[in-house]
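For the record, the sequence lines run as chains H and B. Oh and the first sequence: position 104 is 104 in full-length UniProt numbering, straight run, nothing missing. Oh and the second sequence: position 24 is 24 in full-length UniProt numbering, straight run, nothing missing. Where is the CB? At the ideal position from N, CA and C, for every residue including glycine.
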Amino acid sequence: MHNEDYIASGILEVYAAGGLSLAEREEVERRAAASPEIRMALNEACMVMEEYASLHAVNPRPELKNRILDQIGASQPAQSSAPTIENDNVKQLLYEEDKAASPYKWMFAASIALFLLSGWLSFHFYSKWQQAEEKLASVTASEQLLAQNFKTTSLQLQQQEKKLAIVQDPGFKHVNLKGVEAHPDASLRVYWNPQQQQVYVDAIALPAPPAGKQYQLWALKDGQPIDAGMIEMLGKGDSLQQMKNIDAAQAFAVTLEPIGGSKTPTLEQLTVMGTVDS
Amino acid sequence: MTNQQQPILKLSEEELVERLRSRDASVVSVLYDMYSPALYGVVLQIVKIEETAEDVLQEAFVKIWNSFDSYNASKGRLFTWMLNICRNQAIDAIRSRQHRVNTKTEDIEGPVVSGYSATEFKPEHIGVRDMVDNLNPEQKQVIDLMYFEGLSQSEIAEAYDIPLGTVKTRARSAVKVLARFFKGRA
């Protein structure tokens, strides 16, 4: 298309009125750049439309100017190396944004880490505590057991010491009571101190008494039986028992009597018997 | 810019371009004083709402400043280039609000630009009335659809069932009438 026809087509006016697409606009600009004639016609059309725009001019509110100048940064003094400064500004903004955001990010991450750590620690210490409780319970139990054992042992020791003292004491007479014909396996030992009148029985090896019956120790003094007390059948082992005081006796005997004992021995129920060595 | 009441600093277009190109931010103030009423008027014609128009003008000025590298003399006159940015920004704003169809269909019957100017009466707008008398309705319609509604020549041809050539000739004759009118006023 010749320049004259191109100008006459009205496309420059459409350009000036803003009715062209980007591609069409670039085409017009290309032709205008190539031809001073078209350039002049285009400028005329544009100036007319500028005037047309000015006909509709309206003053914006005065505040708008500051808003716009502030946003552009025009309120600051102009700088010579503007592009670098713009770049710096952009970087700085981003940097500041990062900087503003990073403490929160960091704090957020830290709080999560702390939360997980505290959760783990809670669990850890809880299980430790549970273990400690269990251990303490078992230790307390074994300590009680130990104390009991100790008590028992010291009691036994006390008895043994007492027994040893009696056995070693020359003042005590040892009287071995032997089973009669009906009870050949039965035996009993009596420690008797005539001075202190103390009587103990030991090494009890008597048949288990039937229900309702109990063994009773007698001291025979000049043929007369004297009640020396009931023998407790405590069970196996050493069982030194102190009996009633006896001042004089030639022999000791044990009979099976009803519980609580009798005034006189039931001779049919004589189990063991032994005489005191003079 | 005849409507400016207070004296403002005016610079030649070459000077403005040079200072904008050297990133002299202080020139934005001059640029604003010189062109904001015309640019704002056009934006207001397009978006019809003052608040939106202010936002659009602000965005447009930021864009003018930030993308000034893309302006060169081959793009034509500075004011036309700025006007195009403002118009595109305004058209984007109304299209994003999906107002385009409504305003387009409503405004065909009546005078397109009188809507806002009537409320913001200025002596200059008497010129608009005079001009409306000079332009025939078809010429005015084509110009205003492009200028204030953001329609392209092809869209106008399609929507109003006019040959594309006719759209161009109507635009051309409208500009001729306007040119005579402005010359007569000057």
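(request) Out of G274/H, R189/H and L22/H, state which residue places its alpha-carbon closest to the alpha-carbon of L220/H. (result) In the first sequence, residue 220/H corresponds to position 220, counting from 1. Nearest of G274/H, R189/H and L22/H to L220/H, Cα basis: G274/H.
(message) Just to make sure I have the definition right: I need the residues of chain H whose C-beta is within less than 8 Å of the C-beta of L151/B. Which are they?
(response) The residue labelled residue 151/B in the question sits at position 151 within the second sequence. Within chain H, the residues whose beta carbon sits less than 8 Å from that of L151/B are G19, listed in sequence order.
(message) Please report whether the beta-carbon of S54/H lies at a distance below 8 Å from any beta-carbon of chain B.
(response) Working through the first sequence from its first residue, we reach residue 54/H at position 54. Residue contact with chain B for S54/H: present (Cβ-Cβ distance below 8 Å to some residue of chain B).
(request) Measure from the C-beta of N59/H to each C-beta in chain B and report whether the shortest distance is under 8 Å. (result) Indexing the first sequence from 1 puts residue 59/H at position 59. It does: the Cβ of N59/H has a partner Cβ on chain B nearer than 8 Å.
(message) Does F125/H pass the burial test, meaning 16 or more other C-beta atoms within 10 Å, or should it be called exposed?
(response) If you number the first sequence from 1, residue 125/H lands on position 125. Taking all protein chains in view, the Cβ of F125/H is surrounded by fewer than 16 other Cβ atoms within 10 Å, so the residue is classified as exposed.
(request) Would you mind telling me which residues of chain B sit closer than 8 Å to N43/H, beta carbon to beta carbon, in chain order? (result) Taking the first residue of the first sequence as 1, we reach residue 43/H at position 43. In chain order: G76 and R77.
(message) Please report whether the beta-carbon of M40/H lies at a distance below 8 Å from any beta-carbon of chain D.
(response) Among the protein chains in the structure shown, which are H and B, there is no chain D.
(request) Since I believe I11/H is in contact with K168/B (beta carbons under 8 Å), could you give me their beta-carbon distance rounded to a whole number of angstroms? (result) Residue numbering aside, residue 168/B sits at position 168 when the second sequence is read from its first letter. Residue numbering aside, residue 11/H sits at position 11 when the first sequence is read from its first letter. About 6 Å separates the beta carbon of K168/B from that of I11/H, a gap short enough to meet the 8 Å contact definition.
(message) Between which residues of its own chain and I156/B is the CB-CB distance below 8 Å, once the five residues before and five after are set aside?
(response) Walking along the second sequence from the start, residue 156/B turns up at place 156. Within the same chain, V142, L145, M146, I162 and V167 come within 8 Å of I156/B by CB-CB distance, once the 5 residues on both sides are set aside.
(request) State yes or no: is the beta carbon of D107/B nearer than 8 Å to at least one beta carbon in chain H? (result) The residue labelled residue 107/B in the question sits at position 107 within the second sequence. Low per-residue confidence applies at D107/B: pLDDT is 43, beneath 50, and the placement is therefore not dependable enough to give any value.
(message) Rounding to the nearest angstrom, what Cα-Cα distance links A174/B and I38/H in this structure?
(response) On the second sequence, residue 174/B is found 174 positions in, with the first residue counted as 1. On the first sequence, residue 38/H is found 38 positions in, with the first residue counted as 1. C-alpha separation (whole angstroms): 18 Å.
(request) With DSSP as the reference, label residue 187/B as helix, strand or coil. (result) Outside the shown range of chain B (1 to 186) lies residue 187/B, about which nothing can therefore be said.
(message) For L177/H and V190/H, which I take to be in contact (beta-carbon distance under 8 Å), what is that distance rounded to the nearest angstrom?
(response) As a first step, residue 177/H is located in the first sequence; it is residue number 177 there, counting from the start. As a first step, residue 190/H is located in the first sequence; it is residue number 190 there, counting from the start. L177/H to V190/H, Cβ: 6 Å. Contact.
(request) Kindly say whether R31/H, judged by its beta-carbon, lies nearer than 8 Å to any beta-carbon of chain B. (result) For the purposes of this step, residue 31/H is identified with residue 31 of the first sequence, where counting begins at 1. At a cut-off of 8 Å between C-beta atoms, R31/H does not count as an interface residue with respect to chain B.
(message) For E161/H and Q197/H, what's the separation of their Cα atoms in angstroms?
(response) As a working note, residue 161/H is residue 161 in the first sequence. As a working note, residue 197/H is residue 197 in the first sequence. Near 20 Å, if we compare the C-alpha coordinates of Q197/H and E161/H.
(message) Starting from D161/B, trace the beta strand (DSSP E) in both directions and tell me its first and last residue.
(response) Indexing the second sequence from 1 puts residue 161/B at position 161. D161/B -> no beta strand (DSSP E), and no H or E assigned at all.
(message) So for M107/H, helix, strand or coil by DSSP?
(response) Translated into the one-based positions of the first sequence, residue 107/H becomes position 107. In this structure, DSSP gives M107/H a helical state, which the three-state scheme calls helix.
(message) Tell me the DSSP secondary structure of P265/H in three-state form.
(response) In the first sequence, counting from the first residue as 1, residue 265/H sits at position 265. Per DSSP, reduced to three states, the secondary structure at P265/H is coil, with no helix or strand assignment.
(message) I'd like to confirm the pairing. Which residues does DSSP put opposite A251/H in its beta bridges?
(response) Numbered from its first residue, the first sequence carries residue 251/H at position 251. Answer is L220/H and T275/H.
(message) Are the CB atoms of E54/B and L64/H within a distance shorter than 8 Å?
(response) Here residue 64/H refers to the residue found at position 64 when the first sequence is read from its first residue. Here residue 54/B refers to the residue found at position 54 when the second sequence is read from its first residue. In this structure, the beta-carbon distance from L64/H to E54/B falls below 8 Å.
(request) At 8 Å on the CB atoms, spell out the chain H contacts of S36/B, in chain order. (result) Position 36 of the second sequence holds residue 36/B. By Cβ distance, chain H contributes N59, P60, L64 and K65.
(message) Which residue marks the beginning of the beta strand (DSSP E) containing G179/H, and which one marks its end?
(response) Reading the first sequence from its first residue, position 179 is the one you call residue 179/H. G179/H -> beta strand (DSSP E) spans K173 to G179.
(message) Which residues in chain B have a C-beta closer than 9 Å to the C-beta of M107/H? List them in chain order.
(response) Here residue 107/H refers to the residue found at position 107 when the first sequence is read from its first residue. Proximity of chain B to M107/H at the Cβ level (cut-off 9 Å) is not reached, the minimal Cβ distance being about 35 Å.
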